[in-house]
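Q:
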Amino acid sequence: MDYKGYPRNNVLMIDHRSFYASVEMSLRGLDPETTLLAVVGDPSRRGSVVLAASPALKKKHGVSNVSRYFELPNDPDIIIAPARMKTYLEVSVEITKTFHKYAPKEGIHLYSVDECWITLPPKGINTHEVAKSLKNDIRDQFGIESVVGIGDNKFLAKAVMDIHAKKSPDGIAECRYEDVQEKLWPTEISKVWGIGSRMTRNLNRMGIVTLGQIAKFPLKNLKKNFGVMGEQLYWHAWGIDLSPVYGDFVKTDQKSYGHGITLMRDYDKEDIYACILDLCEEACRRARRDDKEGMTIHLGIGYSRETGGGFSRSMSIDRPTNITMDVYKTCLMLFHRNYDGISKIRRAYVSLTNLDAEGAVQLNLFDDRPKKKDVGEVMDRIRNKYGSTAILRASSYTDGGITLERSHKVGGHNA
Numbered sequence: 001m002d003y004k005g006y007p008r009n010n011v012l013m014i015d016h017r018s019f020y021a022s023v024e025m026s027l028r029g030l031d032p033e034t035t036l037l038a039v040v041g042d043p044s045r046r047g048s049v050v051l052a053a054s055p056a057l058k059k060k061h062g063v064s065n066v067s068r069y070f071e072l073p074n075d076p077d078i079i080i081a082p083a084r085m086k087t088y089l090e091v092s093v094e095i096t097k098t099f100h101k102y103a104p105k106e107g108i109h110l111y112s113v114d115e116c117w118i119t120l121p122p123k124g125i126n127t128h129e130v131a132k133s134l135k136n137d138i139r140d141q142f143g144i145e146s147v148v149g150i151g152d153n154k155f156l157a158k159a160v161m162d163i164h165a166k167k168s169p170d171g172i173a174e175c176r177y178e179d180v181q182e183k184l185w186p187t188e189i190s191k192v193w194g195i196g197s198r199m200t201r202n203l204n205r206m207g208i209v210t211l212g213q214i215a216k217f218p219l220k221n222l223k224k225n226f227g228v229m230g231e232q233l234y235w236h237a238w239g240i241d242l243s244p245v246y247g248d249f250v251k252t253d254q255k256s257y258g259h260g261i262t263l264m265r266d267y268d269k270e271d272i273y274a275c276i277l278d279l280c281e282e283a284c285r286r287a288r289r290d291d292k293e294g295m296t297i298h299l300g301i302g303y304s305r306e307t308g309g310g311f312s313r314s315m316s317i318d319r320p321t322n323i324t325m326d327v328y329k330t331c332l333m334l335f336h337r338n339y340d341g342i343s344k345i346r347r348a349y350v351s352l353t354n355l356d357a358e359g360a361v362q363l364n365l366f367d368d369r370p371k372k373k374d375v376g377e378v379m380d381r382i383r384n385k386y387g388s389t390a391i392l393r394a395s396s397y398t399d400g401g402i403t404l405e406r407s408h409k410v411g412g413h414n415a
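The sequence shown begins at 1 in the UniProt record's numbering and counts up by one.
Right, here's the structure in full:
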């Protein structure tokens, strides 16, 4: 591959190790090297997810971030920390502020609560020394260990961080275009950022196991099998990523308005109606906030672990809407057409896509849409002023409703 003409930048990807657990240990004054600590979403539920485990807990008992509370070993030294999402977000914001001494605002791209890309000036710096200084700042100010990947673009920085930095003695790894074949090609595709379990299975069926095999696979065949995603896989395998490294990464054009949930228990058919209505309410509220309406309504339903499966279907309507009951009626049609009638339900998702500016469709004299829109806007104003639970539909108070419980959470977990 001739890399002439492809952009070369000094991109760093920073990942805070075991972030939630590290914040808890720092706030409690505990030794991060020896403390056995697990952050649990909701300790009152045996099946609650372990959101983070301290390095010592991972090493001693093999606990991972996909473990469940009931799977934790019976070790009296393990500290159970209930999740405090609001606190973790606040710490993440303060850490991000420290990045401004290394890069301009437009070069800072927060990827998640514990990961961030920053693009350094193109010349006159030693990227490895900057990475060391950045790690020291985070450790000294917040008591949190980090790892850093360095690359010519975002993909390379992220990939080398995941694959090599976490195993490096100093927590820093670098991969430039010329290093791709040596450092990335031997990697199993399941360990490469952007390749999920379903894509891994599909690629494995084609005899592709490593990233290097993707690079050597004919591009036209990848495009034929996976479309645009196949093309992206090919270029990533060669270390090429043209996504912007400077810009306003906060303000983006909204492509859809959606809301989903993994339920606390298995839902029957009768329970799920209230849940779907609450999801429609939230999706439409967000659309109304931005003066947007959607032409296509999507409903996703996931069955419980015992049966597995589910469905994901969408339907386009005659004219765009952000009216809750209009979206709900369409979701019910999709549900009744596709639900198998017997399976327990554990996940649900509703989204509004194919967006247009609100009011773009001409109304007629016999339409009751203005009245429906007024009701929705009044409810939105009340919630904005007095809180998200100040006014609710009666169904939200039933066993199937989800709004009341989620109102006390951030990102689906305790605030």
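Backbone N, C-alpha and C define an ideal beta-carbon position, used for all residues, glycine too.
(1) Residue 29 to residue 42, Cα distance in whole Å?
(2) Pull up the distance between the alpha-carbon of residue 274 and that of residue 380, whole angstroms please.
(3) What is the rounded straight-line gap between the Cα of residue 111 and the Cα of residue 117?
(4) Have a look at 192, 137, 72, 224 and flag the residue whose alpha-carbon is nearest the alpha-carbon of residue 209.
(5) Give me the DSSP bridge partner(s) of residue 131.
(6) Cβ atoms of residue 53 and residue 21: under 8 Å apart, would you say?
(7) In or out: residue 90 buried (at least 16 other Cβ within 10 Å) or exposed?
(8) Considering residue 19, what are the terminal residues of the alpha helix (DSSP H) in which it resides?
(9) Given 8 Å as the limit, is there contact between the stretch 287-296 and the stretch 61-75, that is, 3 or more CB pairs closer than that?
(10) Expressed to the nearest angstrom, what Euclidean distance is found between the alpha-carbon atoms of residue 248 and residue 279?
(11) Need the endpoints of the beta strand (DSSP E) that residue 235 sits in, please.
(12) Of all the options 283, 122, 237, 326, which has the alpha carbon lying nearest to the alpha carbon of residue 181?
(13) Based on the DSSP secondary-structure assignment, which residues constitute the bridge partners of residue 10?
(14) Using 8 Å for Cβ pairs, my map puts residue 68 next to residue 50. What's the rounded Cβ distance?
(15) Our contact map puts residue 14 next to residue 134 with C-beta atoms below 8 Å; I'd like the distance itself, whole angstroms only.
(16) What's the C-alpha gap between residue 6 and residue 241?
(17) Using DSSP bridges, identify the partner residues of residue 151.
(18) Cα separation between residue 144 and residue 354?
(19) Excluding sequence positions up to five away, which residues of its chain have a Cβ less than 6 Å from the Cβ of residue 304?
(20) Output needed for residue 283: all residues of its chain with C-beta closer than 8 Å, excluding positions within five of it in sequence on either side, in chain order.
(21) The beta strand (DSSP E) with residue 292 in it runs from where to where?
(22) Alpha carbon to alpha carbon, how far is residue 27 from residue 177?
(23) According to DSSP, what are the bridge partners of residue 259?
(24) If you drop the 5 nearest sequence neighbours on each side, which residues of the same chain put their C-beta closer than 7 Å to that of residue 324?
A: According to the data block:
(1) Position 29 of the sequence shown, counted from the start, is the residue given in the question as residue 29. Position 42 of the sequence shown, counted from the start, is the residue given in the question as residue 42. The straight-line gap from Cα to Cα measures roughly 23 Å.
(2) Residue 274 sits at position 274 when you count from the first residue of the sequence shown. Residue 380 sits at position 380 when you count from the first residue of the sequence shown. Each residue's Cα considered, the two are about 19 Å apart.
(3) Walking along the sequence shown from the start, residue 111 turns up at place 111. Walking along the sequence shown from the start, residue 117 turns up at place 117. Whole-angstrom Cα-Cα distance: 7 Å.
(4) As a first step, residue 209 is located in the sequence shown; it is residue number 209 there, counting from the start. That would be 192, whose Cα lies nearest to the Cα of residue 209.
(5) Numbered from 1 along the sequence shown, position 131 holds the residue referred to as residue 131. Beta-bridge pairing links residue 131 to no other residue.
(6) To locate residue 21, count along the sequence shown from 1; it is residue 21. To locate residue 53, count along the sequence shown from 1; it is residue 53. Cβ atoms of residue 21 and residue 53: closer than 8 Å.
(7) What you label residue 90 is simply residue 90 of the sequence shown in a count that begins at 1. Residue 90 comes out exposed.
(8) Your numbering for residue 19 matches position 19 in the sequence shown. Where residue 19 is concerned, the enclosing alpha helix (DSSP H) stretches over 19-28.
(9) no
(10) By 1-based counting over the sequence shown, the position of residue 248 is 248. By 1-based counting over the sequence shown, the position of residue 279 is 279. Going from the Cα of residue 248 to the Cα of residue 279 covers about 30 Å.
(11) Your numbering for residue 235 matches position 235 in the sequence shown. Careful: residue 235 lies outside any beta strand (DSSP E), inside the alpha helix (DSSP H) at 228-237.
(12) The residue you call residue 181 lines up with position 181 of the sequence shown. If we check each option's Cα against that of residue 181, 237 comes out closest.
(13) Your numbering for residue 10 matches position 10 in the sequence shown. DSSP output for residue 10 lists 120 as bridge partner(s).
(14) Locating residue 68 in the sequence shown gives position 68, counting from the first residue. Locating residue 50 in the sequence shown gives position 50, counting from the first residue. Indeed they touch by this definition, with Cβ atoms about 7 Å apart.
(15) Taking the sequence shown and counting its residues from 1, one reaches residue 14 at position 14. Taking the sequence shown and counting its residues from 1, one reaches residue 134 at position 134. Contact flag correct, Cβ pair sits at about 7 Å.
(16) Indexing the sequence shown from 1 puts residue 6 at position 6. Indexing the sequence shown from 1 puts residue 241 at position 241. Going from the Cα of residue 6 to the Cα of residue 241 covers about 9 Å.
(17) In the sequence shown, the residue the question calls residue 151 occupies position 151. In DSSP, residue 151 forms a bridge with 11, 175.
(18) Mapped onto the sequence shown, residue 144 falls at position 144. Mapped onto the sequence shown, residue 354 falls at position 354. Whole-angstrom Cα-Cα distance: 42 Å.
(19) Residue numbering aside, residue 304 sits at position 304 when the sequence shown is read from its first letter. Excluding positions up to five away in sequence, the list reads 266, 344, 346.
(20) Here residue 283 corresponds to residue number 283 of the sequence shown, with the count starting at 1. Hits under 8 Å: 257, 258, 259, 327, 350, 351, 352.
(21) Numbered from 1 along the sequence shown, position 292 holds the residue referred to as residue 292. Looking at the DSSP string, the run of the beta strand (DSSP E) that includes residue 292 is 292-303.
(22) Here the question's residue 27 lines up with position 27 in the sequence shown. Here the question's residue 177 lines up with position 177 in the sequence shown. Approximately 40 Å between the Cα atoms of the pair.
(23) Here residue 259 refers to the residue found at position 259 of the sequence shown. In DSSP, residue 259 forms a bridge with 350.
(24) Position 324 of the sequence shown holds residue 324. Excluding sequence neighbours, residue 324 sits near 280, 281, 284, 376.
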